[in-house]
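Reading through the structure tokens given below for one structure.
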Amino acid sequence: IYAENDNKDIGAYCVSLSARTIVYKGMFLAYQVGAYYRDLSDPRFETALILVHQRFSTNTFPSWKLAHPYRMVAHNGEINTVRGNNNWMAARQASVDSELFGNNISKLWPISYEGQSDTACFDNALEFLFQGGYSLSHAMMMLIPEAWAGNKLMDQDRKAFYEYHAALMEPWDGPAAVVFTDGRQI
């Protein structure tokens, strides 16, 4: 959509093309979701998990595009490092490679772009790592690492994991709580 419209923001946002998850976006409260998306009230409709986010944006004007959840994540708070994270993601594009993307990897750039919320940028980075071959938990540990430096109680193997990945990606800091799923793990 983005590429076909000369990289102009036309207000479209592809919520999900996953075969395992359905993402219902809207600017309403949790109790209103079933009335708006009627399949959720159908007794034939079953699910093993559900994520709901009903808090409105506090630092941007509410819009459908900015409403939670995103493809894989919802959170409360704000990712304070998003500008730096986006800059580093863009700077590393030339050195990123994955057999899963093949020669088409350049079609994915930019991972995040101007006008997206902090959560949308984070969600794009998570989806990129996940689709690039990292497990969901591995990708999340790369993006939001525990406070590992100087932690004397942390297992050395775990600390080595974080130290290694710190050289690959800067932490996305700021949110108080993050919930995520790939349709199999929550």
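Position in the sequence shown (from 1) plus 1 gives the number in the numbering used here. Even for Gly, the Cβ is constructed at its ideal location relative to N, Cα and C.
| Item | Value |
| --- | --- |
| Start-to-end residues for the beta strand (DSSP E) that takes in E76 | Rather than Glu, the amino acid found at residue 76 in this sequence is His. Run containing H76: V74 to N77, per the beta strand (DSSP E) assignment. |
| Rounded C-alpha distance that separates Y165 from G133 | 18 Å |
| Backbone secondary structure at A178 - three-state DSSP | strand |
| Contact belief for L109 with F129 at Cβ below 8 Å, rounded distance in angstroms | 7 Å |
| Start-to-end residues for the alpha helix (DSSP H) that takes in A34 | Here residue 34 is Val; the residue named in the question, Ala, does not match the sequence. Here the alpha helix (DSSP H) through V34 covers V34 to Y37. |
| Option in T22, D174, C122 and A95 with minimal Cα separation from I187 | T22 |
| Closest residue to T189 among N81, K66, A75 and E47 (Cα-Cα distance) | The chain is shown only over 2 to 187; residue 189 falls outside these bounds and no answer can be derived. |
| Cβ pair L169, M143 closer than 9 Å | yes |
| Where K153 sits in the DSSP three-state scheme | coil |
| Residue environment, R72, which counts as buried when at least 16 other CB atoms sit within 10 Å | buried |
| A121 versus S113 - alpha carbon distance | 8 Å |
| Sequence-distant residues of its chain with Cβ nearer than 7 Å to F46 (five each side left out) | D40 |
| Coarse secondary structure for I106, derived from DSSP in three states | helix |
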